[in-house]
């Protein structure tokens with residue numbers, strides 16, 4: 001099996017769009033992934049979803065939406081992929097937004 005060392009495109013900080021970020025955070029599964037990444041980077045395999053039997057393709061799509069919105073960085077790491085929250089970029093572009101969303105999500 002080939003290693004996936006593909007570098008994926010990530011939007012630049014100045015290209016982040018509020019509508020894309022809000023859309024990406026509107027899905028409970030994607031929001032759960034973001035909440036896990038607040039404490040630091042994780043390998044994709046370490047991200048826990050509500051349905052452990054979720055197909056890999058669905059999980060990959062969730063990550064793609066978050067990456068394309070500029071919420072996470074998805075980089076090759078050995079045989080897997082490392083995910084990290086782009087907190088500083090989000091905070092610089094939309095001050096207070098990510099913290100407010102995460103605080104509200106913690107209350108639900």
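Residue numbers (UniProt numbering): 1 to 108. We treat Cβ as the ideally placed atom computed from N, Cα and C, and that holds for glycine. A quick note: this is a predicted structure, and the numbers were derived from the prediction, not measured.
For residue i versus residue j, is the C-beta spacing smaller than 9 Å?
i          : j          : result
residue 81 : residue 10 : no
residue 69 : residue 17 : yes
residue 43 : residue 8  : no
residue 85 : residue 22 : no
residue 15 : residue 62 : no
DSSP beta-bridge partners for residue i?
i          : result
residue 84 : 73
residue 42 : 83
Buried or exposed: where does residue i fall if 16 or more other Cβ atoms within 10 Å of its Cβ makes it buried?
i           : result
residue 24  : buried
residue 79  : exposed
residue 5   : exposed
residue 30  : buried
residue 95  : exposed
residue 103 : exposed
residue 88  : exposed
residue 54  : exposed
Helix or strand or just coil, what does DSSP make of residue i?
i          : result
residue 68 : helix
residue 1  : Unreliable positioning characterises residue 1 in this predicted model, as indicated by a pLDDT of 37, which lies under 50. A coordinate reading is not provided.
residue 55 : coil
residue 49 : coil
residue 7  : coil
residue 28 : helix
Counting only beta-carbon separations shorter than 9 Å, does residue i have a partner in chain B?
i          : result
residue 42 : Absent here is chain B; the protein component of the structure consists of one chain.
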